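I have placed the structure first, in the form of structure tokens, so that the comments after it can refer back to it.
Number of protein chains: 2
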Amino acid sequence: MEIIRSTQNKQVKLWRKLATKKGRTLQNSYLLDGWHLVKEALLAQQEIKQVLLVPESKYAERFAALNQDQLEPILISEEVAKSLSETQSPQGIFAILPISQTKVSFAEEKEGAWLLLDAVQDPGNIGTMVRTADAAGFRGVIFGEKTADLYQPKVVRAMQGSQFHIKLLEGNLADYIAEMRQQAIPVFGTELNEAARNYRQVGQFKSFGLIMGNEGNGMAQTLLKKTTANLYIPLQGQAESLNVAVAAGVLMFQLKQPDV
Amino acid sequence: MEIIRSTQNKQVKLWRKLATKKGRTLQNSYLLDGWHLVKEALLAQQEIKQVLLVPESKYAERFAALNQDQLEPILISEEVAKSLSETQSPQGIFAILPISQTKVSFAEEKEGAWLLLDAVQDPGNIGTMVRTADAAGFRGVIFGEKTADLYQPKVVRAMQGSQFHIKLLEGNLADYIAEMRQQAIPVFGTELNEAARNYRQVGQFKSFGLIMGNEGNGMAQTLLKKTTANLYIPLQGQAESLNVAVAAGVLMFQLKQPDV
Numbered sequence: 006m007e008i009i010r011s012t013q014n015k016q017v018k019l020w021r022k023l024a025t026k027k028g029r030t031l032q033n034s035y036l037l038d039g040w041h042l043v044k045e046a047l048l049a050q051q052e053i054k055q056v057l058l059v060p061e062s063k064y065a066e067r068f069a070a071l072n073q074d075q076l077e078p079i080l081i082s083e084e085v086a087k088s089l090s091e092t093q094s095p096q097g098i099f100a101i102l103p104i105s106q107t108k109v110s111f112a113e114e115k116e117g118a119w120l121l122l123d124a125v126q127d128p129g130n131i132g133t134m135v136r137t138a139d140a141a142g143f144r145g146v147i148f149g150e151k152t153a154d155l156y157q158p159k160v161v162r163a164m165q166g167s168q169f170h171i172k173l174l175e176g177n178l179a180d181y182i183a184e185m186r187q188q189a190i191p192v193f194g195t196e197l198n199e200a201a202r203n204y205r206q207v208g209q210f211k212s213f214g215l216i217m218g219n220e221g222n223g224m225a226q227t228l229l230k231k232t233t234a235n236l237y238i239p240l241q242g243q244a245e246s247l248n249v250a251v252a253a254g255v256l257m258f259q260l261k262q263p264d265v
Numbered sequence: 006m007e008i009i010r011s012t013q014n015k016q017v018k019l020w021r022k023l024a025t026k027k028g029r030t031l032q033n034s035y036l037l038d039g040w041h042l043v044k045e046a047l048l049a050q051q052e053i054k055q056v057l058l059v060p061e062s063k064y065a066e067r068f069a070a071l072n073q074d075q076l077e078p079i080l081i082s083e084e085v086a087k088s089l090s091e092t093q094s095p096q097g098i099f100a101i102l103p104i105s106q107t108k109v110s111f112a113e114e115k116e117g118a119w120l121l122l123d124a125v126q127d128p129g130n131i132g133t134m135v136r137t138a139d140a141a142g143f144r145g146v147i148f149g150e151k152t153a154d155l156y157q158p159k160v161v162r163a164m165q166g167s168q169f170h171i172k173l174l175e176g177n178l179a180d181y182i183a184e185m186r187q188q189a190i191p192v193f194g195t196e197l198n199e200a201a202r203n204y205r206q207v208g209q210f211k212s213f214g215l216i217m218g219n220e221g222n223g224m225a226q227t228l229l230k231k232t233t234a235n236l237y238i239p240l241q242g243q244a245e246s247l248n249v250a251v252a253a254g255v256l257m258f259q260l261k262q263p264d265v
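Chains as they are written, first to last, in the working numbering: chain F, 6 to 265; chain R, 6 to 265.
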């Protein structure tokens with residue numbers, strides 16, 4: 006079978022463009038890099054457009070064993086793999102997945118916890134928060150308009166496949182908050198102000214929204230006004246603040262009522 | 006005043022070596038990069054060996070305002086600053102601090118919570134955990150022998166100055182655990198096994214140790230045997246695990262009895 010060896014190959018150039026927001030939008034696709042993510046996609050029975058494989062990759066056999074839909078991988082050279090990957094030593098297996106726009110109507114979907122990201126910038130933080138939301142039993146994560154793009158390579162790497170387990174929405178946070186509150190779902194902000202309540206003293210909830218804000222500037226005042234209450238984590242030491250992904254983890258595990 | 010402009014200057018070469026473990030050990034020093042960290046060092050009245058400053062830096066004035074000890078900064082060019090920094094656009098202010106080996110005897114120091122890091126590898130995770138330990142009111146963090154080096158640039162950046170607020174020790178974790186247990190201080194492991202207890206059901210403590218293990222392999226079995234109990238965080242979704250810094254944050258804020 007033919008192996009694509011040139012990094013200047015037309016198809017390879019298109020794949021490389023998936024690293025940019027524009028490329029992802031034009032092709033309505035994003036790239037999974039590495040066996041762990043490809044495996045998660047296969048196990049979650051996700052629609053896969055293409056699998057790219059370096060024939061010498063030690064993951065070729067493991068892929069074959071899980072390849073129930075008999076996807077025909079496109080063979081590529083190690084050099085091409087390196088040109089596609091952001092890691093130093095790529096594992097030689099990639100998958101291209103469609104970007105599907107998930108819609109949720111809170112009038113119909115009343116149960117579940119949601120994390121709302123307002124202008125969060127660091128892709129590692131964003132991916133880690135999606136992974137944590139999954140682990141905490143959240144229903145999904147809503148990406149506000151100013152939050153870094155959901156399918157960029159560093160976010161995808163940090164999500165570790167959690168995008169296959171929970172819902173990821175993009176859109177206007179003010180609209181989503183209004184919808185949730187209309188359904189009597191509480192929405193909590195996270196800004197330290199005089200009215201803020203200790204996060205350990207509000208109880209646990211099955212259904213709620215939790216907003217995390219920008220790393221430097223916190224969450225938008227316009228959104229804060231729309232919340233049910235505003236929570237803070239009392240800090241004991243001299244640190245000025247917590248990393249946003251750590252704060253989100255502490256809050257999610259405290260507020261979410263465990264499913265029995 | 007003279008400005009060092011050559012990146013090949015002998016002194017500049019020595020400063021650049023502070024990015025390596027060997028260089029830090031030989032010079033018994035480490036580098037702070039950027040105004041936030043230099044400011045934290047000044048406010049915490051840390052011993053500062055040298056301040057390096059680009060005269061055009063917008064932080065020059067702020068430094069002068071906080072420079073109570075009248076440190077004489079060494080002036081450097083922007084090019085030299087770039088050669089010292091791991092960031093794309095350095096702020097043009099650095100400080101060189103001595104590495105002081107802190108010692109703690111648990112026979113004398115019986116109160117306080119401690120985070121123990123066993124073979125944790127990612128510098129961002131390590132720095133974030135130190136920052137979180139500070140915020141959660143911990144007394145300090147103990148770096149096991151296989152944990153990535155405490156003063157490497159990425160750890161220093163993620164600590165955000167928390168090294169000035171809490172104690173950082175390096176050494177043999179087995180010895181420290183034995184010392185703590187001898188003083189009746191409970192030490193908790195974090196490995197999912199049959200005997201593991203739900204982290205929300207053990208209570209809150211003033212004085213304890215909490216061990217976090219390697220990102221991929223968890224903590225060492227030899228240490229696990231020495232713990233008082235082993236804790237786990239029940240995961241609700243389909244995520245296989247939590248990021249180690251997030252897990253540490255959730256555990257630290259749950260287990261630490263807030264100071265009143």
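Backbone N, C-alpha and C fix where the C-beta goes; we use that ideal spot for every residue, glycine too. Please read these numbers as outputs of a predicted model, since none were measured by experiment.
Asked	Found
Helix, strand or coil at E84(R) according to DSSP, with G and I counted as helix	helix
Cα-Cα separation, E160(R) to A183(F)	Looking at the sequence shown, residue 160(R) is not Glu but Val. Each residue's Cα considered, the two are about 41 Å apart.
Residue of P128(F), A86(F), K54(F) minimising C-alpha distance to I101(F)	K54(F)
Range of the contiguous beta strand (DSSP E) that encloses F68(F)	Premise fails: F68(F) lies in the alpha helix (DSSP H), 65–71, not in any beta strand (DSSP E).
CB contact check: G254(R) to chain F, cutoff 9 Å	yes
Assigned secondary structure, Q55(R) (DSSP; H/G/I helix, E/B strand, else coil)	strand
Close-in-space but distant-in-sequence residues of the same chain around A65(F) (CB under 7 Å, 5 per side omitted)	L58
Any non-hydrogen atom of the ligand PLP within 8 Å of N219(R) CB	Looking at this structure, you won't find the ligand PLP or any other ligand, since it has none at all.
I238(R) vs L247(R) beta-carbon contact at 9 Å	yes
Residue-chain proximity (N248(R), chain F), Cβ-Cβ < 9 Å	yes
Neighbouring residues, chain F, relative to L215(R) (Cβ below 8 Å)	Chain F residues near L215(R): none, gap ~14 Å exceeds 8 Å.
Contained beta strand (DSSP E) runs [length at least 3] in the segment 152–219 of chain R, N- to C-terminal order	172–175, 192–194, 213–217
Three-state secondary structure assigned by DSSP to V125(R)	coil
Neighbourhood of G132(F) by C-beta, 6 Å cutoff - its chain only, sequence neighbours within 5 removed	V160, A163, M164
Assigned secondary structure, F99(F) (DSSP; H/G/I helix, E/B strand, else coil)	strand
Collapsed DSSP secondary structure at G223(F) in the structure displayed	strand
Contact set for K26(R): own chain, Cβ-Cβ below 8 Å, skip 5 residues either direction	D154, Q157
is_contact[T92(F), chain R] using C-beta, thresh 9 Å	no
Alpha carbon of A234(R) to alpha carbon of A118(R), nearest angstrom	16 Å
Reduced DSSP secondary structure (H/G/I, E/B, other) of F143(F)	coil
V251(R) beta carbon less than 9 Å from that of T12(F)	no
Residue(s) in a DSSP beta bridge with N235(F)	G194(F)
Length of the line joining the Cα atoms of K15(F) and Q32(F)	14 Å
CB contact check: A141(R) to chain F, cutoff 9 Å	yes
Residues that A138(F) bridges to, as DSSP identifies them	Paired residues: none, contrary to the question.
Outcome for E52(R) when other beta-carbon atoms lying within 10 angstroms are tallied against a minimum of 16	exposed
Option in L240(F), H41(F), G149(F), L36(F) with minimal Cα separation from Y181(F)	G149(F)
First through last residue of the alpha helix (DSSP H) which encompasses L37(R)	That residue, L37(R), is in no alpha helix (DSSP H); its beta strand (DSSP E) goes 34–38.
8 Å Cβ cut-off: residues of chain F touching G242(R)	A138, D139, A140, A141, G142, F143, S167, H170, I171
Three or more C-beta pairs below 8 Å linking the segment 186–194 of chain R and the segment 214–226 of chain R	yes
C-alpha distance - Q168(R) paired with F210(R), whole-angstrom precision	23 Å
Closer than 7 Å at the beta carbon, the chain R residues around P263(F)	P239, Q241
Test: T133(R) CB closer than 9 Å to a CB of chain F	yes
Residue(s) in a DSSP beta bridge with W119(F)	G145(F), G214(F)
For I79(F), the residue or residues it bridges with in DSSP	L57(F)
Interface flag, A163(F) vs chain R, CB-CB below 9 Å	yes
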